[in-house]
Amino acid sequence: MADSAEVNLFQKGYGNGPTSADFRLDWEQSSHKGWNLVASFVFADYFLQWLPLSPLENLVHDQVSRAALSLAFRKRFYRLQGQFWKSVTSDQAPVQNAPSLSVLTDNQARRERRRRRKKKRFENRQDIVLAHPEWDSAYWEAHEALGVDGTSSDESENETHSNNRFFRIPQPWRSQQLDRMVGRIDAAREEAARRKRRFPRSGRVFRIRIGDHPMKESTIVTPGLPFDFYNQEWLSSRPEIAKWLSPAPSIRIPEIDE
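With my numbering applied, the sequence shown covers 34 to 291.
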């Protein structure tokens, strides 16, 4: 495990970071940036050097690219991080909570619970993508770029729902190609729910989307997403919204037949 002080120095431009001779990982931070991103490319380079000397030398080399190996490593490390912290938490003695001096209002508590539900739904979709290694790597990259606020607001769940079904609230501002991608992830989740399949991190059967909401739609636009994540036709008639989006550079969205 990389020392936190060493990681902080590396982020400021000091030190060598992870190398093949001293290969360590930062278990506290994202697998897709900083120290861990560099580590993923160190792994990829080492693997490509080893491959010609291995029994696997007959692999088709254009299927074993540096970028593909780096992404595969980061996906696997992401899953291991969850298992690692779960084991660390279970090994710790229970802590007696001190009385809280702050009092949340009902609205604040409700917003916090909603945020936790959105994060859990986002993680459910991450688990689905990880469970389908045959899918294009663009599924993972586009889903990560969307983030919690870009994907989980689709769902109409509220605190009174006790079953495992939900409506999708349409997002007219979002690219239809992106909607098809999220729809395919949800379809795979629905299949997992029908089979009563449980995933290690979610700990429960996934919920099933039963269709678009018949009356509702969301026009709350998430700013800062990649440019091609937005529905350009919808935005062209709303220049007052388009001017403050500050879109990020484009990211490839997987091609999905209608």
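Cβ coordinates follow ideal geometry from the N, Cα and C atoms, glycine included.
Keep in mind that this is a model prediction, so the values were computed, not measured.
Rounded to a whole number of angstroms, what is the C-alpha to C-alpha distance between residue 147 and residue 62? Working through the sequence shown from its first residue, we reach residue 147 at position 114. Working through the sequence shown from its first residue, we reach residue 62 at position 29. Computed Cα separation, rounded: 24 angstroms.
Expressed to the nearest angstrom, what Euclidean distance is found between the alpha-carbon atoms of residue 216 and residue 55? As a working mapping, residue 216 is identified with position 183 in the sequence shown. As a working mapping, residue 55 is identified with position 22 in the sequence shown. Rounded to the nearest whole angstrom, the C-alpha separation of residue 216 and residue 55 is 42 angstroms.
Is residue 172 closer than 8 angstroms to residue 256 when the C-beta atoms are compared? Indexing the sequence shown from 1 puts residue 256 at position 223. Indexing the sequence shown from 1 puts residue 172 at position 139. No. Outside cutoff.
Return the first residue and the last residue of the alpha helix (DSSP H) that residue 272 is part of. If you number the sequence shown from 1, residue 272 lands on position 239. From DSSP, the alpha helix (DSSP H) with residue 272 extends over 272-275.
For residue 263, the residue or residues it bridges with in DSSP: Taking the sequence shown and counting its residues from 1, one reaches residue 263 at position 230. For residue 263, which the question treats as bridged, DSSP gives the partners 207.
Near residue 42, which residues of its chain fall below 7 angstroms by C-beta distance, leaving aside the five closest residues on each side in sequence? Taking the sequence shown and counting its residues from 1, one reaches residue 42 at position 9. In chain order, 48 place their CB closer than 7 angstroms to the CB of residue 42, counting only its own chain and leaving out the 5 sequence neighbours on each side.
Tell me the DSSP secondary structure of residue 245 in three-state form. Locating residue 245 in the sequence shown gives position 212, counting from the first residue. DSSP places residue 245 in strand when its eight states are reduced to three.
Can you give me the C-alpha to C-alpha distance between residue 109 and residue 270, rounded to a whole angstrom? Looking up residue 109 in the sequence shown gives position 76. Looking up residue 270 in the sequence shown gives position 237. Straight-line measurement puts the Cα of residue 270 at about 43 angstroms from the Cα of residue 109.
Own chain residues within Cβ distance below 6 angstroms of residue 283, not counting five before or after: The residue given as residue 283 occupies position 250 in the sequence shown. The answer, listed in chain order, is 259, 260, 261.
Taking 6 angstroms as the limit between beta carbons, can you name the residues of its chain near residue 206, skipping five residues before and five after? Position 173 of the sequence shown holds residue 206. Once the five neighbours on either side are set aside, the close Cβ partners of residue 206 are 254, 264, 267.
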